[in-house]
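Peer 1:
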Amino acid sequence: MTDTTSATSPRAPSNPLSTWFATCPRGLETLLADELTSLGAEVTGTTVAGVHFNGSQETAYRTILWSRLANRIIRLLTRVGGVDTGEQLRKASAGVDWAMELPDRASIAVDFHGTWKDIRHTFFGAQTVKDGIVEAMFEEGRHKPTVDGKNADLRIYAHLHNGFITLGIDLVGRSLHQRGYRPDLAHAPLKENLAAALLMRADWPARAARGESLVDPMCGSGTLLIEAALMAADIAPQSLNEDFACRHWGRHDERIWKGLREEMEQRAIAGRRKVTARLFGRDHSPQAISAARSNAMRAGIPALIELEGASVAELTCPEGATTGLVMTNPPYGERLGELPALVPLYASLGERMKRHFGGWTLGMFTGNPDLGHRLGLRAHRQYAFRNGQLDCKLLMIDVAARERAVDEDSVAEDARSQPALSEGGQMFANRLKKNQKSLARWLKQSGTTCYRLYDADMPEYALAIDIYGRHVHVQEYTPPKSVDASQAQRRLMDALAAIPQVLGCSPNDIHIKQRTRQAGKAQYTRQDSSGQRIEVQEGDARLWVNLKDYLDTGLFLDHRPVRKLLGKEADGKRVLNLFCYTATATVHAVLGGASESVSVDMSNTYLDWGRENFKLNGISEKRHQLVRADCLKWLERSREEFDLIFLDPPTFSNSKKMEGTLDIQRDHARLIDLAMASLAPGGTLVFSNNHRRFVMDDSVSQHHVVEDLSRKLLDPDFKRRPDIHHVFRIRRASDVKG
Numbered sequence: 001m002t003d004t005t006s007a008t009s010p011r012a013p014s015n016p017l018s019t020w021f022a023t024c025p026r027g028l029e030t031l032l033a034d035e036l037t038s039l040g041a042e043v044t045g046t047t048v049a050g051v052h053f054n055g056s057q058e059t060a061y062r063t064i065l066w067s068r069l070a071n072r073i074i075r076l077l078t079r080v081g082g083v084d085t086g087e088q089l090r091k092a093s094a095g096v097d098w099a100m101e102l103p104d105r106a107s108i109a110v111d112f113h114g115t116w117k118d119i120r121h122t123f124f125g126a127q128t129v130k131d132g133i134v135e136a137m138f139e140e141g142r143h144k145p146t147v148d149g150k151n152a153d154l155r156i157y158a159h160l161h162n163g164f165i166t167l168g169i170d171l172v173g174r175s176l177h178q179r180g181y182r183p184d185l186a187h188a189p190l191k192e193n194l195a196a197a198l199l200m201r202a203d204w205p206a207r208a209a210r211g212e213s214l215v216d217p218m219c220g221s222g223t224l225l226i227e228a229a230l231m232a233a234d235i236a237p238q239s240l241n242e243d244f245a246c247r248h249w250g251r252h253d254e255r256i257w258k259g260l261r262e263e264m265e266q267r268a269i270a271g272r273r274k275v276t277a278r279l280f281g282r283d284h285s286p287q288a289i290s291a292a293r294s295n296a297m298r299a300g301i302p303a304l305i306e307l308e309g310a311s312v313a314e315l316t317c318p319e320g321a322t323t324g325l326v327m328t329n330p331p332y333g334e335r336l337g338e339l340p341a342l343v344p345l346y347a348s349l350g351e352r353m354k355r356h357f358g359g360w361t362l363g364m365f366t367g368n369p370d371l372g373h374r375l376g377l378r379a380h381r382q383y384a385f386r387n388g389q390l391d392c393k394l395l396m397i398d399v400a401a402r403e404r405a406v407d408e409d410s411v412a413e414d415a416r417s418q419p420a421l422s423e424g425g426q427m428f429a430n431r432l433k434k435n436q437k438s439l440a441r442w443l444k445q446s447g448t449t450c451y452r453l454y455d456a457d458m459p460e461y462a463l464a465i466d467i468y469g470r471h472v473h474v475q476e477y478t479p480p481k482s483v484d485a486s487q488a489q490r491r492l493m494d495a496l497a498a499i500p501q502v503l504g505c506s507p508n509d510i511h512i513k514q515r516t517r518q519a520g521k522a523q524y525t526r527q528d529s530s531g532q533r534i535e536v537q538e539g540d541a542r543l544w545v546n547l548k549d550y551l552d553t554g555l556f557l558d559h560r561p562v563r564k565l566l567g568k569e570a571d572g573k574r575v576l577n578l579f580c581y582t583a584t585a586t587v588h589a590v591l592g593g594a595s596e597s598v599s600v601d602m603s604n605t606y607l608d609w610g611r612e613n614f615k616l617n618g619i620s621e622k623r624h625q626l627v628r629a630d631c632l633k634w635l636e637r638s639r640e641e642f643d644l645i646f647l648d649p650p651t652f653s654n655s656k657k658m659e660g661t662l663d664i665q666r667d668h669a670r671l672i673d674l675a676m677a678s679l680a681p682g683g684t685l686v687f688s689n690n691h692r693r694f695v696m697d698d699s700v701s702q703h704h705v706v707e708d709l710s711r712k713l714l715d716p717d718f719k720r721r722p723d724i725h726h727v728f729r730i731r732r733a734s735d736v737k738g
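In structure tokens form, the structure reads like this:
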């Protein structure tokens, strides 16, 4: 390859066919260098996401067919320094003997990377390199190459860094991780070359040669298993692909190519016959098993892999397999809502390994080290990788051998066993049991099915846990900066491990969110888009809650006694519900006999939710209105009178739908006065809020009769937090005297 220092240098001479560059995912460089050496290449250096090597054209072709780790193989042509402007870039590009590299009338695409000084856009860089190529071809009397961004015969590699431009030709045309056995998928599964790298780090090729077994208990579409089978059977990773860019290259040697393809086919035939390793794939998803079976069929190795639908909780050592490797890539829990199902999954995998795979090695690839700790097993070695943009680790764990006698009784007991909790997890579980016991009598007598079980009772476990029938809603309070984030994460994992064991619920019925102070429209913003609604019962009311999509569920549990009070006092009355949220209080009032009602809120989301609650309870909007409006402005304009008014404003709001801000401590006196102006003679205003340090303004009690009901309207599940809300019954002084 030519290496010059100026873009004004004369045309570079033809390069010997010896200088190449293999690209790969970041973190695989050392492994790729070793692999290239085994394929006959002379490695000359590594860089981020790539390896430089020397070798013959046959060596380059061999790496295309046999590299399990590379993405692309680049034929390097020149490296020129002093490239600061577009003109210098054009001259550097024109200085390459493109006529020797590009067939006449070949279509090209330029993949340009990097910026420098006057060259600020990759599109400009690609266009300028193309202009230099056209100039060089024209001077040789050759036809101008056509540009085809999607289906080019050859792709030009152009990399600009610190004023140096490196030019070459991609001899692959697409990424080598695409083996051809896996169709395009909507999600992003483990890429084939990363799967191969994990297997190499786990020493699978040597294990396979010794006839050991491999088990993937969460095999998904089967990528790890198929890559392992290809290695065990000595099948080239590109055995299914034939059309590579090198076959359109000006220097292509079809004789060498055909010879390597024939050798590849012969090795595959011999390799299949010699395989003694056994490979087993398990997954709880029938769709995953079906995909894995189809992929194995396309890869030509279906007979080498045994696939079965089974959960991790059912994992046992395959019959006749005495030692080997358990290799898996479980979900990482990148989203908070995924953690409840993953904590017991990882813990269960650790338990099954200890119980059934003594003497085996576990290789677990994860992007969440805290979940890795849930295994209850210590890694003897860790390897850093990147899966896309995510930092990940391969944990290698030697499972201690143990004596075991397996009979029908022990298998049955094993199926019922649960992973052991950590010391902190057990302490948390004990607190949940204590709370369950203290609430049991009240829950039975009242028939309450939606209640708070735990609310940061132990400061180190800063969670609120609410029960909605068989579902569990967990809110994690943001830890203060003084608390180490990793320690807080471990405690959250402890809690999520304990909850299903104490409550006997499925991890899939645990829904978790992080609770922070909300401003403006944040409380209305979707956290998810599942659309999953759950019907719950509260007294006579049937209500919809959504435990996934929004920060709030649609039902404030601490206001349960207030809703019950409104239901008792609403008979025959006109009711106004201000800041109505999902209109649950209105539902109770209507079921309690309210003759008419008006419910006001600014949020279309919550008003639509209220309509659904109305429908669920057979409530007609002809007599019971839902109104979208700023409650303050609505009160200022209203000329209607109501017998019962429920005023439950937020503690603070700066929503763009309002003029100014609402601060309940500052503004409550004005709000109450406006509401009292709409109160009919003899009527009652029920005013509540959740400002923990709320103090009623003296002016309110000077003008009205105020009765503090806060302690009276506090059910047992919230008595641990008596300041959680404040409730007042307010009436006109004249009505009381009369």
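For the record, in the sequence shown the residue sitting at position 33 is 33 according to UniProt numbering, with numbers rising by one throughout.
A virtual CB, placed ideally from N, CA and C, is assigned to each residue, including glycine.
Measure from the alpha carbon of Pro-479 to the alpha carbon of each residue in Ile-467, Arg-470 and Leu-463, then state which is nearest.
Peer 2: Sequence index remark: in the sequence shown, residue 479 carries index 479 (1-based). Measuring from the Cα of Pro-479, the nearest candidate turns out to be Leu-463.
Peer 1: Have a look at Phe-428, Ser-422 and Gly-82 and flag the residue whose alpha-carbon is nearest the alpha-carbon of Ala-456.
Peer 2: Against the sequence shown, residue 456 aligns to sequence position 456. Of the candidates Phe-428, Ser-422 and Gly-82, the one whose C-alpha sits nearest the C-alpha of Ala-456 is Phe-428.
Peer 1: Per DSSP, which one or two residues make a beta bridge with Ser-213?
Peer 2: Taking the sequence shown and counting its residues from 1, one reaches residue 213 at position 213. Arg-278 and Gly-324.
Peer 1: Using a threshold of 9 Å, state whether the C-beta atoms of Leu-492 and Leu-339 are closer than that.
Peer 2: Reading the sequence shown from its first residue, position 492 is the one you call residue 492. Reading the sequence shown from its first residue, position 339 is the one you call residue 339. Yes, these two residues count as a Cβ contact at 9 Å.
Peer 1: Helix, strand or coil, according to DSSP, for Arg-731 in the structure here?
Peer 2: Here residue 731 refers to the residue found at position 731 of the sequence shown. Note: Arg-731 maps to strand in three-state DSSP.
Peer 1: Can you tell me where the beta strand (DSSP E) with Lys-144 in it begins and where it stops?
Peer 2: Working through the sequence shown from its first residue, we reach residue 144 at position 144. Where Lys-144 is concerned, there is no enclosing beta strand (DSSP E), given that its DSSP letter is neither H nor E.
Peer 1: Given Arg-720, which residues of its chain have a CB within under 8 Å of its CB, disregarding the five upstream and five downstream residues?
Peer 2: The count along the sequence shown starts at 1 and reaches residue 720 at position 720. Counting only Cβ-Cβ distances below 8 Å, and skipping sequence neighbours, we find Asp-455 and Asp-457.
Peer 1: Indicate the three-state DSSP secondary structure (helix, strand or coil) for Val-627 in the structure shown.
Peer 2: One-based indexing of the sequence shown puts residue 627 at position 627. Here Val-627 sits in strand by DSSP.
Peer 1: Would you grab the beta carbon distance between Met-396 and Ala-379 for me? Rounded to a whole angstrom, and I think it's under 8 Å.
Peer 2: Residue numbering aside, residue 396 sits at position 396 when the sequence shown is read from its first letter. Residue numbering aside, residue 379 sits at position 379 when the sequence shown is read from its first letter. Indeed they touch by this definition, with Cβ atoms about 6 Å apart.
Peer 1: If we require 3 or more residues per run, which beta strand (DSSP E) segments fall completely within the UniProt domain "THUMP" (59–171)?
Peer 2: As far as the UniProt domain "THUMP" (59–171) is concerned, its whole beta strand (DSSP E) runs of at least 3 residues are 72–80, 107–113, 154–161 and 164–170.
Peer 1: Which complete alpha helix (DSSP H) runs does the region 636–690 hold, if anything under 4 residues is left out?
Peer 2: Counting whole runs of 4 or more residues, the region 636–690 contains the alpha helix (DSSP H) stretches 664–677.
Peer 1: What are the start and end residues of the alpha helix (DSSP H) that includes residue 787?
Peer 2: There is no way to answer for residue 787, as the model of the chain reaches only from 1 to 738.
Peer 1: Assuming Ile-73 contacts Val-172 under a Cβ cut-off of 8 Å, what Cβ separation, rounded to an integer in Å, is found between them?
Peer 2: Indexing the sequence shown from 1 puts residue 73 at position 73. Indexing the sequence shown from 1 puts residue 172 at position 172. That belief holds up - the Cβ atoms of Ile-73 and Val-172 are roughly 6 Å apart, short of 8 Å.
Peer 1: Less than 7 Å between C-beta atoms, sequence neighbours within five positions excluded: which residues of the same chain meet that for Gln-537?
Peer 2: Residue 537 sits at position 537 when you count from the first residue of the sequence shown. The residues are Thr-449.
Peer 1: Would Glu-227 and Glu-192 qualify as a contact pair, given that the criterion is a beta-carbon distance under 9 Å?
Peer 2: Taking the first residue of the sequence shown as position 1, residue 227 is located at position 227. Taking the first residue of the sequence shown as position 1, residue 192 is located at position 192. The answer is yes: Cβ separation under 9 Å.
Peer 1: Would you call Arg-452 buried or exposed, if buried means 16 or more other Cβ atoms sit within 10 Å of its Cβ?
Peer 2: Residue 452 sits at position 452 when you count from the first residue of the sequence shown. With 16 or more other Cβ atoms within 10 Å, it is buried.
Peer 1: Sort out for me which residues DSSP pairs Leu-713 with in a bridge.
Peer 2: Looking up residue 713 in the sequence shown gives position 713. Bridge partners of Leu-713: none, in fact.
Peer 1: With Ile-512 and Val-474 assumed to form a contact (beta carbons below 8 Å), what rounded beta-carbon distance in angstroms separates them?
Peer 2: For the purposes of this step, residue 512 is identified with residue 512 of the sequence shown, where counting begins at 1. For the purposes of this step, residue 474 is identified with residue 474 of the sequence shown, where counting begins at 1. Correct: roughly 4 Å between the Cβ atoms.
Peer 1: Taking Pro-650 as the reference, give the member of Leu-644, Asp-630 and Arg-639 with the closest Cα.
Peer 2: Numbered from its first residue, the sequence shown carries residue 650 at position 650. With distances taken between Cα atoms, Pro-650 lies closest to Asp-630.
Peer 1: So, with DSSP's three-state summary, where would you put Val-587?
Peer 2: Working through the sequence shown from its first residue, we reach residue 587 at position 587. Reduced to three states, the DSSP call for Val-587 is helix.
Peer 1: List in chain order: all unbroken alpha helix (DSSP H) runs of 4+ residues lying wholly within the region 472–513.
Peer 2: Counting whole runs of 4 or more residues, the region 472–513 contains the alpha helix (DSSP H) stretches 485–503.
Peer 1: Would you kindly check if the distance between the Cβ of Ser-599 and the Cβ of Asn-577 is under 9 Å?
Peer 2: Looking up residue 577 in the sequence shown gives position 577. Looking up residue 599 in the sequence shown gives position 599. Yes, Cβ-Cβ distance for Asn-577 and Ser-599 is below 9 Å.
Peer 1: Would you mind working out which of Thr-37, Glu-621, Ala-589 and Gly-82 sits nearest Phe-646, comparing C-alpha positions?
Peer 2: As a first step, residue 646 is located in the sequence shown; it is residue number 646 there, counting from the start. Answer by Cα proximity: Ala-589.
Peer 1: Does the distance from the C-beta atom of Ala-296 to that of Leu-304 stay below 9 Å?
Peer 2: Residue 296 sits at position 296 when you count from the first residue of the sequence shown. Residue 304 sits at position 304 when you count from the first residue of the sequence shown. Contact: yes.
Peer 1: In angstroms with no decimal places, state the Cα-to-Cα distance between Ala-197 and Tyr-157.
Peer 2: The residue given as residue 197 occupies position 197 in the sequence shown. The residue given as residue 157 occupies position 157 in the sequence shown. Each residue's alpha carbon lies about 25 Å from the other.
Peer 1: Quick check: the Cα distance between Glu-413 and Arg-282, rounded to an integer number of angstroms?
Peer 2: Locating residue 413 in the sequence shown gives position 413, counting from the first residue. Locating residue 282 in the sequence shown gives position 282, counting from the first residue. Per-residue confidence for Glu-413 stands at a pLDDT of 49, beneath the threshold of 50, marking its modelled position as unreliable; the derived number appears in the next sentence. Cα to Cα, Glu-413 sits roughly 22 Å from Arg-282.
Peer 1: If you draw a straight line from the alpha carbon of Leu-154 to that of Leu-167, how long is it in whole angstroms?
Peer 2: Translated into positions along the sequence shown, residue 154 becomes position 154. Translated into positions along the sequence shown, residue 167 becomes position 167. For Leu-154 and Leu-167, the distance between alpha carbons rounds to 13 Å.
Peer 1: What residues in its chain sit with their C-beta under 6 Å from that of Thr-46, if we drop five residues either side in the sequence?
Peer 2: The residue labelled residue 46 in the question sits at position 46 within the sequence shown. Same-chain partners within the cutoff: Glu-29 and Ala-33.
Peer 1: From Asn-689, Arg-293, Lys-481 and Asp-608, pick the residue whose C-alpha is nearest to that of residue 817; which is it?
Peer 2: Nothing about residue 817 can be reported from this structure: the residues present for the chain run from 1 to 738 only.
Peer 1: Pick out the complete alpha helix (DSSP H) segments inside the region 339–401, 4 residues or longer, and give them in chain order.
Peer 2: Counting only runs of 4 or more, we get 339–356 and 369–372.
Peer 1: Give the single residue among Ser-239, Gly-320 and Asn-546 whose Cα lies nearest to the Cα of residue 775.
Peer 2: This structure cannot speak to residue 775, because the chain is shown only from 1 to 738.
Peer 1: What residue range does the alpha helix (DSSP H) around Gly-567 cover?
Peer 2: The residue labelled residue 567 in the question sits at position 567 within the sequence shown. Segment 560–569, the alpha helix (DSSP H) holding Gly-567.
Peer 1: The alpha helix (DSSP H) spanning Val-700 covers which residue range?
Peer 2: Here residue 700 is taken as the residue at index 700 of the sequence shown, counted from 1. First-last of the alpha helix (DSSP H) with Val-700: 698–703.
Peer 1: So, with DSSP's three-state summary, where would you put Tyr-606?
Peer 2: Residue 606 sits at position 606 when you count from the first residue of the sequence shown. The answer is helix: DSSP assigns Tyr-606 an H, G or I state.
Peer 1: Using the C-alpha atoms, what's the distance from Arg-75 back to Gly-55?
Peer 2: Counting from one through the sequence shown, the residue named residue 55 turns up at place 55. Counting from one through the sequence shown, the residue named residue 75 turns up at place 75. If you take the alpha carbons of Gly-55 and Arg-75, they lie about 11 Å apart.
Peer 1: Can you tell me whether Gln-702 is buried or exposed? The criterion is at least 16 other CB atoms within 10 Å of its CB, across all chains shown.
Peer 2: For the purposes of this step, residue 702 is taken as residue 702 along the sequence shown, with counting starting at 1. Answer is exposed; the Cβ neighbour count stays below 16.
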